[in-house]
Structure formats: structure tokens, C-alpha cells
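In what follows, a structure is listed as C-alpha cells, so that the remarks can point back to it.
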Amino acid sequence: MSNSELFWNASTIDLKRGYLDQDKYFTCLLCGKEIEKGIIYSDSGMLYEAEKFIEIHILKAHHSVFEYLINLDKRLTGLTDHQRKLLNLFYQGKNNSEIQKEMNIGSVSTIRNHRFQFKERERQSKLFLVLMEILKEKDQFAPVFVPLHKNAKIVDQRYNITEEEKEKIIKNFFSKGTIAHLKAFPAKEKYKLVILREFAFDFEKNRKYDEKEVNQIIKKRYPDFVTIRRYLIEYGFMERKPDGSQYWLKEGL
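Okay, here's the thing in C-alpha cells:
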């Protein structure tokens, strides 16, 4: 299961702490890093058991679960820039008066009203989550959708694709064999998403590549490496330095 699937399928409790307790590993839901159980880990001269070490990883790599989640694309969180700034200030422990002065908006009562609106949204969200959980037990015709990757730069109808559709696209556009070659790069955006996701899986997590290495990996499947490389960046599957000297798979695939 990909990290995106683990992330979106995780319970609110697991998301809150930022990691998943699996049989042999503690898995970071934010980047997919796995910490094997039964091993003692060293950090800054201190020794830690696996669960404590995954907590240290989240702190060092992501600062906090709150900071990671609040900085996800607004199309994933549903938060406006204004709401995100307010939540950040609440998280920092600022009181209403301090927030009003820092944001230079309304009055103290305005900030209090924002807090009330967030509380209302929390209550509504809880009820909606319960409704969806109940629905899962009853809606036998609900399709399984391809999970969003958390660094998606464009979240729209192109993500309205089921696992069944994805498998058909892969079958139609890739040849059979040990190395599945791409027959043609599709024009349809929904198809591009599926194709690019397959190319992204060819790259290792937490590894930096130079441009030549990226090109070679892509060419194993498709000769037009320039197009694939560009779209991997455009769709948020990969990141690169401004000078193109290094490329890497983005967290959360």
C-alpha cells in the first residue's frame, strides 16, 4: 500500500500522532519512513526504542503533525489562507487580543467569533465522518477511488478515477513484460495522472538524483524523457532544485 493510501485510510487518532503502528514497523504517515520494531536507535548520543524514535523523526523531519497538515494544499484541507493563519496563531498559544493586533482585523470579539465558527465546523465534521463510516457499511456500490497524493498541485476532476479505471489505463497504455514500456503518452489529463504515478514508483524515496539519472530511469519505459520529467514536476510527484542539478521524489506518494 502506498503512503498516500496509508495517509488517507488512517484513523484520526493515527493521523493526530503522525504514524501507524503496523506488525513489524512504525510507519510515518507524513513521509512513509519505516522504523523497524525491536531495534534500539541512536540519536544525538541517546538511545531510543522504535516508537519513541518515530516520534523524534516526526519532530525533526516535519516539526509537528499540525505544521505538516496545516501546510498541505488548501484544496486538500479546505482552509483559506486567512483560516490557516488563524489556526497557526491558535496553535502558537496566542490569545484573542494578540491575534487581533497581529492580524489587524476587527476586534477581540471578531477573533472569538472565528473560534466559534471553527468549533461549529468541528462539530459538523464529526457528524459527517460518522455518516460516511455508516455509509461504508451500507453502500455496496461505492467505487474505490485512486488516493490523492498529498503534494498534488492540481486537485480537480482528473482525480475522479477508480481503481478499476486505473488498472484499465495501465493495461491499455503499458506493454506486458518485466519492464512495462509506455506505448504513448496520453492527452487526457486523467490518463496522464495514472501514467505519471507509475513512473514515480520507479524512483526511490529519500534519494537525490541528478538529471542524467532521472532521464535514464524514464527512458527504460519511454523515450521522451523530457516530457515525462516535466510532468512529474508539474503534477507534484517530484521536486527539483532551481538549477536542475538534483531531483527527488516528493514525500507522500
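Numbering-wise (UniProt numbering), the sequence shown opens with residue 1 and increments by one.
Using N, Cα and C, we set each Cβ at its ideal position, and we do this for glycine too.
Everything numeric in this text was worked out from a predicted model, so none of it was measured.
Taking every protein chain shown into account, the CB of R229 has 16 or more other CB atoms within 10 angstroms, so this residue is buried. Counting only runs that start and end inside the stretch 82-109, the alpha helix (DSSP H) elements of at least 4 residues fall at 96-103. For Y19, the enclosing beta strand (DSSP E) stretches over residues 19-21. Taken atom to atom, the span from the alpha-carbon of D202 to that of I217 is near 7 Å.
Burial state of V226 is exposed, judged by a 10 Å Cβ sphere holding fewer than 16 other Cβ atoms. Taking Y209 as reference, the option from A187, G244, V194 with the minimal CA-CA separation is G244.
For the 8 Å CB-CB criterion, K37 and A50 form a contact. D14 sits in a helix when the DSSP states are folded into three classes. Excluding its 5 nearest sequence neighbours in each direction, V108 has C-beta neighbours in its own chain below 8 Å: N96, S97, Q100, listed in chain order.
Leaving aside the five residues that flank K24 on each side, the residues in its chain whose CB is nearer than 7 Å to its CB run, in chain order, E36, K37. Per DSSP, T77 is not a residue of any beta strand (DSSP E); the alpha helix (DSSP H) it occupies stretches across 74-77. Excluding its 5 nearest sequence neighbours in each direction, C28 has C-beta neighbours in its own chain below 7 Å: G18, Y19, I54, H57, I58, listed in chain order.
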